[in-house]
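Offset between the sequence shown (1-based) and the numbering used here: plus 2. Here a beta-carbon is modelled for each residue, glycine too, at the ideal position from N, C-alpha and C. All figures in this text were calculated on a predicted structure; none of them were measured in a lab. Accompanying notes for the structure given below.
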Amino acid sequence: MTMSSLVFGFPILGGFPTRRRLCRQLQLQRKTIQKRAHSFGNWIGENPAVSFRRIDRKPRALDNEVSLKEPETSTTLKDDMLANYVPIYVMLQLDIITTDNILKDKAGLEKQLKQLQGACVDGVMCDVWWGIVESKGPKEYDWSAYRTLFQLVQDCKLKMQVVMSFHQCGGNIGDVVNIPIPQWVRDVGETDPDIFYTNRTGNRNIEYLTIGVDNQPLFCGRTAIELYSDFMKSFRETMAEFLDAELFTDIEVGLGPAGELRYPSYPQSQGWAFPGIGEFQCYDKYLKMDFKEAATNEGKPEWELPDDGGEYNDNPDVTGFFGSKGYLSEKGKFFLTWYSNKLLIHGDQILDEANKAFLGCKVKLACKISGIHWWYKDDSHAAELTAGYYNLNERDGYRPIARMLSRHYGVFNFTCLEMRDSEHDAAKKCGPQKLVQQVFSAVKREEVHMAGENALERYDRKAYNQILLNVRPNGVNKNGPPKLKMEALTFLRLGDELLTKKNFGIFKLFVKKLHADLAYAADPRKYTTVIPLERSKPEVPIEELLKATEVLEPFPFDAQTDMSVGGAVTDFIDGLLNIISFILENELKD
């Protein structure tokens with residue numbers, strides 16, 4: 003008999019009466035097998051050390067293979083273990099608030115939020131788009147749709163991370179909608195296009211205002227910094243009841259394209275494709291004047307901005323600046339220091355305004371740094387340098403950012419937690435694992451909280467296990483805080499694919515492992531500090547920030563997580579269950 007004619011001992015016969023009598027038996031068998039197999043699959047996922055080698059005849063070998071000892075569950079142990087708890091926030095869709103300022107599909111969203119809450123997710127993250135809220139004119143804020151959204155999330159008993167999104171949505175990886183910055187701001191660009199970042203050939207990037215206009219009163223008498231500051235103050239005033247209720251745990255301040263503190267060096271809208279090195283974005287008139295002034299003060303008035311940095315999709319070795327070691331010349335070092343310092347100052351100024359806006363609120367400020375892992379293993383680190391991260395083998399480009407952030411009591415949010423080096427072509431010299439290790443170590447040394455995100459949508463066990471390793475690089479400590487632990491994980495993203503039966507089942511196990519196998523903790527005070535935001539410390543001179551460029555050995559990371567969601571064996575069991583389910587469903591339909 004074939005498998006389709008014999009299922010778990012029950013013959014599939016042609017006679018209708020016999021088939022009908024067997025249907026009920028098949029259904030009962032199917033439910034029993036699925037239940038047992040599902041439980042076994044989850045047990046394997048939670049016990050990745052289990053081996054399926056042939057068992058030795060000696061009795062003691064069994065003890066070496068599997069331990070079925072029940073975990074300790076004392077109240078004291080649970081309290082100690084809570085220091086290992088990593089909360090997870092799931093990103094909402096980019097266009098959950100439409101460009102018409104309407105909450106999209108409220109009923110559908112409510113259903114999804116309840117599914118997340120049922121999976122013990124701690125909260126959600128959403129972008130608060132400048133281009134939607136202040137679209138009608140200067141200081142004409144319309145927060146109505148966001149208030150509706152926040153009330154819905156609160157009713158579903160979830161927490162929130164909110165992003166002050168001063169950038170355009172559209173033109174970057176993962177952007178599926180277009181939400182531009184306010185039209186009245188873009189109108190200024192019609193007469194003064196230099197308010198936007200510009201590359202060497204003169205192409206403008208309209209997704210974020212150049213940092214060259216941070217302190218230029220070009221926008222109805224306001225500077226760019228004042229635009230951002232007024233927006234955050236209005237949010238604070240309008241959302242006071244939600245802030246008082248501690249709905250928001252984090253206010254992430256957008257500091258550049260995609261909300262990240264960087265230059266728009268790799269825009270898909272201008273033809274960039276992975277793993278291109280990108281281009282420097284400092285050729286608007288405001289930044290050109292700033293560089294000329296800096297070079298003159300250095301006694302080098304003849305120095306100009308680089309003209310040999312290459313094009314978006316070049317490899318480092320075909321450019322003069324990177325391939326011919328121009329970045330190591332006196333002029334190259336001066337330029338890169340100036341270029342990266344402008345980014346530090348930009349972030350520091352806006353975070354200071356955010357601190358003033360949310361002073362006294364029980365929230366943490368955060369900023370996001372992009373995980374630019376391609377060409378990380380190349381001596382030039384070209385893709386990082388064009389983005390403004392002056393990071394080389396002999397110079398730490400991330401610790402100065404953490405030191406700047408420390409004065410604002412901020413959280414350093416980093417991307418690409420899900421990636422492994424082996425997932426990329428060696429020729430692209432990608433190093434996401436070492437990059438995360440370097441950055442985590444740098445942030446920890448500056449006594450700053452670190453959080454993370456996955457850069458791409460992933461729902462597989464390998465990605466989950468890599469994230470679990472990165473959020474707790476030395477594993478769980480049953481007696482208190484682990485050596486290293488991230489403050490939170492923001493997961494990309496809520497949608498139909500995440501909520502499929504297979505993906506959501508694995509995701510729920512992933513959430514449990516982030517929580518260190520503990521029950522959902524509704525009160526963040528159980529695993530982190532929740533205190534009113536204090537006023538920023540005194541400004542740190544740029545010279546002090548740059549002392550943090552000294553390269554130090556990174557902290558050691560374990561080879562794999564101790565909280566695995568399973569691997570190849572569990573995937574095999576999942577696949578087998580799908581086959582069994584498919585066969586049974588088709589037989590019962592006939």
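Return the bridge partner residues of residue i from the DSSP annotation.
i: Leu394; result: Arg397
i: Gly491; result: Just to set this straight, residue 491 is Leu in the shown sequence, not Gly. Beta-bridge pairing links Leu491 to Ile90, Gly454.
i: Lys370; result: Glu262, Asn415
i: Leu105; result: Ile99
i: Met127; result: Met93, Gln163
i: Ile585; result: Ile585 pairs with nothing; no bridge assigned.
i: Val255; result: Met166
i: Phe250; result: Met162
Please report the straight-line C-alpha distance between residue i and residue j, rounded to a whole angstrom.
i: Gly362; j: Val445; result: 24 angstroms
i: Glu300; j: Val255; result: 33 angstroms
i: Pro483; j: Leu84; result: 8 angstroms
i: Gly110; j: Ser583; result: 28 angstroms
i: Leu151; j: Phe557; result: 41 angstroms
i: Asp1; j: Val179; result: Outside the shown range of the chain, which is 3 to 592, sits residue 1, and nothing can be said about it.
i: Pro402; j: Leu338; result: 14 angstroms
i: Ile181; j: Phe250; result: 23 angstroms
i: Phe233; j: Thr200; result: 25 angstroms
i: Leu578; j: Leu345; result: 52 angstroms
i: Leu367; j: Ile575; result: 43 angstroms
i: Ala570; j: Ile99; result: 39 angstroms
i: Val88; j: Ser372; result: 21 angstroms
i: Phe237; j: Ile279; result: 37 angstroms
i: Ile213; j: Ala242; result: 30 angstroms
i: Tyr265; j: Thr388; result: 8 angstroms
i: Ala518; j: Ile533; result: 24 angstroms
i: Glu499; j: Gln272; result: 29 angstroms
i: Gly390; j: Ser342; result: 5 angstroms
i: Thr502; j: Leu154; result: 23 angstroms
i: Leu491; j: Thr298; result: 45 angstroms
i: Leu330; j: Asp310; result: 14 angstroms
i: Arg460; j: Glu420; result: 8 angstroms
i: Ala404; j: Gly412; result: 9 angstroms
i: Ser167; j: Trp132; result: 6 angstroms
i: Gln117; j: Cys128; result: 17 angstroms
i: Val215; j: Asn205; result: 17 angstroms
i: Ala385; j: Asp292; result: 23 angstroms
i: Pro434; j: Ser443; result: 14 angstroms
Buried or exposed: which applies to residue i, given that a residue is buried once 16 or more other Cβ atoms fall within 10 Å of its Cβ?
i: Glu555; result: exposed
i: Leu458; result: exposed
i: Asp462; result: exposed
i: Val441; result: buried
i: Val320; result: exposed
i: Pro543; result: exposed
i: Glu332; result: exposed
i: Ile508; result: buried
i: Ala428; result: exposed
i: Pro540; result: exposed
i: Asp246; result: exposed
Does the CB of residue i have a neighbour CB from chain C at under 7 angstroms?
i: Asn299; result: Of the chains in the structure shown, none is chain C; there is only one protein chain.
With residue i and residue j assumed to form a contact (beta carbons below 8 angstroms), what rounded beta-carbon distance in angstroms separates them?
i: Lys430; j: Pro526; result: So it is not a contact: roughly 39 angstroms between Cβ atoms.
i: Leu547; j: Met452; result: With a Cβ gap of about 18 angstroms, Leu547 and Met452 do not count as contacting.
i: Ile374; j: Gln270; result: Contact flag wrong, Cβ pair sits at about 15 angstroms.
i: Glu355; j: Tyr314; result: Contact flag wrong, Cβ pair sits at about 32 angstroms.
i: Ala550; j: Glu396; result: Not quite, the Cβ-Cβ distance comes to about 14 angstroms (not below 8 angstroms), so this is no contact.
i: Tyr91; j: Val126; result: 6 angstroms
i: Val365; j: Leu535; result: 6 angstroms
i: Gln156; j: Ile208; result: Contact doesn't hold; Cβ gap of about 35 angstroms is too wide.
i: Cys418; j: Val450; result: With a Cβ gap of about 18 angstroms, Cys418 and Val450 do not count as contacting.
i: Lys370; j: Asn415; result: 4 angstroms
i: Arg474; j: Leu486; result: 7 angstroms
i: Arg409; j: Ser231; result: In fact, because the Cβ distance is near 17 angstroms, the residues do not count as touching under 8 angstroms.
Measuring only from the beta carbon, is residue i closer than 6 angstroms to any heavy atom that is part of the ligand FMN?
i: Leu578; result: The ligand FMN is not part of the structure shown, which contains no ligands of any sort.
### Query
Which runs of the beta strand (DSSP E) spanning at least 3 residues fall entirely within the stretch 153-181, listed in chain order?
Scanning the stretch 153-181 from its first residue to its last, the whole beta strand (DSSP E) runs of 3-plus residues come out as 161-167.
### Task
Please go through the stretch 177-223 and give each complete alpha helix (DSSP H) segment of 4 or more residues, from N-terminal end onward.
185-193
#### Entry: Length at least 4, wholly inside the stretch 271-304: the alpha helix (DSSP H) runs in chain order
287-299
### Query
Taking only runs of the beta strand (DSSP E) that begin and end inside the stretch 326-368, which ones reach a length of at least 3 residues, in chain order?
none
### Task
Can you check the stretch 422-479 for any alpha helix (DSSP H) of at least 4 residues that lies completely inside it and give the ranges in chain order?
434-447, 463-473
### Query
If you scan the stretch 490-554 from start to end, which runs of the alpha helix (DSSP H) of 4 or more residues do you find wholly inside it?
503-516, 544-548
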